[in-house]
Every structure is written in C-alpha cells, then in structure tokens.
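Residue 177 in this note's numbering sits at position 191 of the sequence shown; the count goes up by one each step and never skips.
All C-beta atoms in this analysis are idealised placements derived from N, C-alpha and C, irrespective of residue type, glycine included.
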Amino acid sequence: MRSEIFDQANLEVDGSRRFALQNRKMLKVALGEPVIAAKGVMVAYQGAVQFHHKGADSLAKFVKRAISSDDQALMTVSGQGDVFFARYAHDVFILELEGDALSIGGGNLLAFDAALQWDLHRTRGAGMMTGGLFSTLIHGHGSVALTSDGPPVILDCSQQPTFVDPTAAVCWSANLSPEVVSSMNVSSLLRGGTGEAFQYKFHGPGFVIVQPSEGVPVVAAG
-13 MRSEIFDQAN
-3 LEVDGSRRFA
7 LQNRKMLKVA
17 LGEPVIAAKG
27 VMVAYQGAVQ
37 FHHKGADSLA
47 KFVKRAISSD
57 DQALMTVSGQ
67 GDVFFARYAH
77 DVFILELEGD
87 ALSIGGGNLL
97 AFDAALQWDL
107 HRTRGAGMMT
117 GGLFSTLIHG
127 HGSVALTSDG
137 PPVILDCSQQ
147 PTFVDPTAAV
157 CWSANLSPEV
167 VSSMNVSSLL
177 RGGTGEAFQY
187 KFHGPGFVIV
197 QPSEGVPVVA
207 AG
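Okay, here's the thing in structure tokens:
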C-alpha cells in the first residue's frame, strides 16, 4: 500500500519528552505522573490510561467554576501510556513554567502537569451583561499546552493600553489584571451595534497573546 499519508512526517514522534508536539495540531503526553486536561480533547491513547472528572479542590474553587460562563471542565488523565490531545485542529503550543505563572483565557487551555497549581480568577468589570468572564491562573514548575485558532500575535502591554476581544485572548502575563470595558454607545445601539461591545483592557509590564479568531461561530438550530 502506498500513499502520502504514510509520509515520515506523520509517524508517531518518539517518547523522549513528556510533553511533545506530534505535529502543529496535536499534543502527545507520555504518562507516568498524571496530567490535567480539558474535557473532550483526547483523540487517541495507547496503554493503560484512565480518565476521571476533575472536581474542585476547594469550596471556593467549586463556587467559581459553578458560576463561570467559561466551560472549563477538566479531567485527570492517569496511568501508563501515551495520550494524544487536540482541539478543532487548532495550533498547539507548549510552555515550560519555571516557578512563574500564566493566565489563560476561555477555551485555550489544553493540558498541564497535575503538579502545577491552578485557580479561576474573575475579570474585573465582568458583570451580568458579559455573562461573567473568568481566566485560569496556573503557576509552579511544569508543562502547559495551549491552543490557538491560527498563528497568534504577542502584544506588549507596557507602552500603551491594549484592548483585546475576550474570545481572542489566548493567555497573558500573570501580573496583568485585565479589566472588561465597553465600547457601546447610544448611537451604535440604535443602529444595531457593532459586534464589538466588550473588550479586555491590558496595561502594564507584560504581554498578551492573541489568536486570529473570535471562536467557533454559533449556528442556530433549524
């Protein structure tokens, strides 16, 4: 049998690293120590692997997750073997935390070492009109895998205020505290709006990574 699908580039990568890119769209994790991943992102695995719902580690975290509009349901993946993760063929990036921290927005978190510490943080100004906006703060020593819907851009927030659509913000420096601001005015509301009602405002020493997408469009049933 012959086909370009059997090209060398499509063969499984070696398991010398715990977190490795199988390709730009797929993450391979060699288990031993467990990992935490977003629910529904496993596409394949080899070996004896178990998947368990990741409950809240504390009452405060449980309450935050219960009221969060960002569906950041997590699962613990444990056992012995290799697991492959992907989301909508988005680009995958691996970050190595070395005692530092990172804030991750919306549905861009793919998987991370279970030894890392994490918590949900509510964005300032995210009231009822926005549905409540939360980010996941991860810190410690270990690997984090993120997804971006297309090649991202890294913006420096230290020189001037930076405004980003909340669904396009992949992650940002943990020392930055974004604020939700509104660009709505009476004139735009009377004319049906612009579709750019709310933005994250970043300003201070640090960066924000932005994907060239505002998320998967919602298609009305029927």
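Practice item. Inspect the CB distances between the region 55 to 74 and the region 7 to 18 and report whether three or more fall short of 8 Å. Key: yes
Point to revise | Limits of the unbroken beta strand (DSSP E) element including residue 186 | key: 184 to 188
Review point. What residue range is occupied by the uninterrupted beta strand (DSSP E) comprising residue 27?
Key: Note, residue 27: premise wrong, no beta strand (DSSP E); not H, not E.
Check your understanding: If you run the structure through DSSP and keep just helix, strand and coil, what is residue 146?
Key -> coil
Point to revise | Touching by the beta-carbon criterion (3+ pairs, under 8 Å), the region 154 to 161 and the region 90 to 103 | key: yes
Review point. What do you reckon, is the C-beta of residue 191 under 7 Å from a heavy atom of the ligand ZN?
Key: The ligand ZN is not part of this structure, which contains no ligands at all.
Exercise for review: Would you mind sorting residue 184 into buried or exposed? The rule is 16 or more other CB atoms within 10 Å of its CB.
Suggested key: buried
Point to revise | Cβ distance (whole Å) where residue 150 is taken to contact residue 196 below 8 Å | key: 6 Å
**Study point:** Where residue 212 falls, given that 16 or more other Cβ within 10 Å makes a residue buried
**Key:** With the chain covering only -13 through 208, there is no way to say anything about residue 212.
Exercise for review: Measuring alpha carbon to alpha carbon, tell me which of 147, 166, 199, 152 ends up nearest residue 190.
Suggested key: 147
Practice item. If I'm right that residue 123 touches residue 160 with Cβ under 8 Å, what's the distance once you round it to whole angstroms? Key: 6 Å
Check your understanding: Comparing alpha-carbon positions, which option in 94, 119, 126, 81 lies nearest residue 104?
Key -> 126
**Study point:** N- and C-terminal bounds of the beta strand (DSSP E) containing residue 96
**Key:** 95 to 99
**Study point:** Boundaries (first-last residue) of the beta strand (DSSP E) holding residue 12
**Key:** 12 to 16
Review point. Nearest-angstrom Cα distance between residue 65 and residue 129?
Key: 18 Å
**Study point:** Best match in 192, 164, 74 for proximity to residue 29 [C-alpha to C-alpha]
**Key:** 74
Check your understanding: So, using beta-carbon positions, are residue 95 and residue 24 closer together than 8 Å?
Key -> yes
Practice item. Let me know if residue 0 comes out buried or exposed under the rule of 16 or more other beta-carbons within 10 Å of its beta-carbon. Key: exposed
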